[in-house]
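S.K.: For reference, the structure I am asking about is given below.
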Amino acid sequence: MNWFTETSETAQGRQVQVAYTKKLDSFQSGFQQIEVYETVSFGKMLVLDGAIQLTAYDHFAYHEMIVHVPMNVHPDPKHVLIVGGGDGGALAEVVKYPTVETIVLCEIDKAVIELSRKHFPEFNKAFDDKRVTVNIGDAAEYIKKKANAFDVIIIDSSDPIGPAEVLFGKTFYRDVFLALTAEGIAVSQSESMYYHRDFIAKLFHQNKAIFPINEYYFTLVPTYPSGTIGFSFCSKLREPVDKIAPHRIEGLAGLRYYSEAIHRSCFVLPAFFDRNN
Ligand code: SPD
-15 MNWFTETSET
-5 AQGRQVQVAY
5 TKKLDSFQSG
15 FQQIEVYETV
25 SFGKMLVLDG
35 AIQLTAYDHF
45 AYHEMIVHVP
55 MNVHPDPKHV
65 LIVGGGDGGA
75 LAEVVKYPTV
85 ETIVLCEIDK
95 AVIELSRKHF
105 PEFNKAFDDK
115 RVTVNIGDAA
125 EYIKKKANAF
135 DVIIIDSSDP
145 IGPAEVLFGK
155 TFYRDVFLAL
165 TAEGIAVSQS
175 ESMYYHRDFI
185 AKLFHQNKAI
195 FPINEYYFTL
205 VPTYPSGTIG
215 FSFCSKLREP
225 VDKIAPHRIE
235 GLAGLRYYSE
245 AIHRSCFVLP
255 AFFDRNN
């Protein structure tokens, strides 16, 4: 049996190991090491700089939650930006909304898109959707030139080490605020409430000075460190559960995790975890 061992520094003294039958690809891009494995139990698995990004088995729990939560709080999301997300998993959820008019995916590493398209063809249709523009470049620079441009911004980044570090900083979030329209909402991958409490508290302290509404919600992804991962919900006006859009949810095809009940419950956090502390 071959074992992939996650070497990510964010696993807090523990290691995730996944049995695999074959390493399908390994490529050092200008930004990071990209690997794809055929695993024994979780289907194909994408790894960036030693950290698991997705497996065919459980990615839906991450991608549905990073996308459908903000999309069903915003009253009418027409223009959507995905930061990172080069694997296409978040994109595949956004294209499910017929009322969305434009989607920009801004990914710094074109090799992530190429290798994902090769190994995860289930996301290819989304890349070919006519509303989608793929921008290869640094999202932190791209967003500086945008004002009042996006209703929803989805920050689907890797961990805050390496190329994604800048996507967790104050300057970036200020630019995200400016790039959003009046009722705009941004969500971002924000690590595990079990393993990264200090990091999350720092992020929330920083973002409190930028967004009027900041909440944390979570999902369950067994192949991530601690089996759970959370998101920052940063909003200019809309509270996360007051006025969600059940009619829109009913129209979404093939959901396996997200539902109206999950939306309402995912913001309820365990007693030990105070995102501000
Ligand atoms: N610790 C791993 C966090 C991975 C977050 N990024 C996932 C990208 C999937 N599109």
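Note that the numbering used here has the sequence shown beginning at -15, numbered continuously upward.
We put the beta carbon where it would ideally sit given N, CA and C, even for glycine.
Quick caveat, the model's predicted, so the values are computed rather than measured.
#1: For the beta strand (DSSP E) holding residue 119, just list the boundary residues, first then last.
#2: In terms of DSSP beta bridges, what is residue 262 paired with?
#3: Please name the residue in 211, 65, 74, 258 whose C-alpha comes closest to that of residue 165.
#4: When every heavy atom of the ligand SPD is checked, does at least one fall within less than 8 Å of the C-beta of residue 73?
#5: Check for me: the beta strand (DSSP E) holding residue 155 runs from which residue to which?
#6: Could you check if residue 77 is buried or exposed, using at least 16 other CB atoms within 10 Å of its CB as the buried criterion?
#7: Is the beta carbon of residue 58 less than 9 Å from the beta carbon of residue 153?
#8: Exposed or buried, what is residue 254 when buried is set at 16 or more other beta-carbons lying within 10 Å of its beta-carbon?
#9: Do residue 138 and residue 120 have their beta-carbon atoms positioned less than 9 Å apart in this structure?
#10: Please list, in chain order, all residues of the same chain as residue 135 whose beta carbon is under 8 Å from its beta carbon, the five residues on each side excluded.
#11: Taking the continuous beta strand (DSSP E) assigned at residue 126, which residues delimit it?
#12: Report the residue from 38, 49, 20 whose alpha carbon sits nearest the alpha carbon of residue 217.
#13: Is it true that the CB of residue -10 sits closer than 9 Å to the CB of residue 8?
#14: Is any non-hydrogen atom of the ligand SPD found closer than 8 Å to the C-beta of residue 223, if you look at the structure I gave you?
#15: Let me know if residue 223 comes out buried or exposed under the rule of 16 or more other beta-carbons within 10 Å of its beta-carbon.
#16: Alpha carbon to alpha carbon, how far is residue 110 from residue 43?
#17: For residue 141, which of 86, 85, 71, 192 has the nearest alpha-carbon?
M.R.: Inspection of the coordinates gives the following:
#1: One-based indexing of the sequence shown puts residue 119 at position 135. Counting along the chain, the beta strand (DSSP E) containing residue 119 begins and ends at 116 to 120.
#2: Lying before the first or after the last residue shown, residue 262 is absent from the chain, which here runs from -15 to 261.
#3: One-based indexing of the sequence shown puts residue 165 at position 181. That would be 65, whose Cα lies nearest to the Cα of residue 165.
#4: Your numbering for residue 73 matches position 89 in the sequence shown. Relative to the ligand SPD, the nearest heavy atom lies less than 8 Å away from the CB of residue 73.
#5: In the sequence shown, the residue the question calls residue 155 occupies position 171. Boundaries for residue 155: no beta strand (DSSP E) harbours it, while the alpha helix (DSSP H) harbouring it runs 154 to 163, taken from the DSSP string.
#6: Taking the first residue of the sequence shown as 1, we reach residue 77 at position 93. Label assigned to residue 77: buried.
#7: The sequence position of residue 58 within the sequence shown is 74, counting from 1. The sequence position of residue 153 within the sequence shown is 169, counting from 1. One thing to note: residue 58 has its Cβ no nearer than 9 Å to the Cβ of residue 153.
#8: Looking up residue 254 in the sequence shown gives position 270. With fewer than 16 other Cβ atoms within 10 Å, it is exposed.
#9: Residue 120 sits at position 136 when you count from the first residue of the sequence shown. Residue 138 sits at position 154 when you count from the first residue of the sequence shown. Taking a C-beta distance under 9 Å as the contact criterion, residue 120 and residue 138 do not qualify as a contact pair.
#10: If you number the sequence shown from 1, residue 135 lands on position 151. Excluding residues within five positions, the ones whose Cβ falls inside 8 Å are 58, 60, 61, 62, 63, 64, 164, 165, 167, 168, 169.
#11: Numbered from 1 along the sequence shown, position 142 holds the residue referred to as residue 126. DSSP places residue 126 outside any beta strand (DSSP E); the residue lies instead in the alpha helix (DSSP H), whose first and last residues are 123 to 126.
#12: Here residue 217 refers to the residue found at position 233 when the sequence shown is read from its first residue. Check the Cα spacing between residue 217 and each of 38, 49, 20: the tightest is with 49.
#13: Within the sequence shown, the letter at position 24 stands for residue 8. Within the sequence shown, the letter at position 6 stands for residue -10. The criterion of a C-beta distance shorter than 9 Å is not satisfied by residue 8 and residue -10.
#14: For the purposes of this step, residue 223 is taken as residue 239 along the sequence shown, with counting starting at 1. Not one heavy atom of the ligand SPD lies closer than 8 Å to the C-beta of residue 223.
#15: Residue 223 sits at position 239 when you count from the first residue of the sequence shown. Residue 223 sits exposed, since fewer than 16 C-beta atoms from the chains shown fall within 10 Å of its C-beta.
#16: Within the sequence shown, residue 110 is the residue found at index 126, counting from 1. Within the sequence shown, residue 43 is the residue found at index 59, counting from 1. The straight-line gap separating the alpha-carbon atoms of residue 110 and residue 43 is approximately 16 Å.
#17: What you label residue 141 is simply residue 157 of the sequence shown in a count that begins at 1. Distance from the Cα of residue 141 is smallest, within the candidate group 86, 85, 71, 192, for 71.
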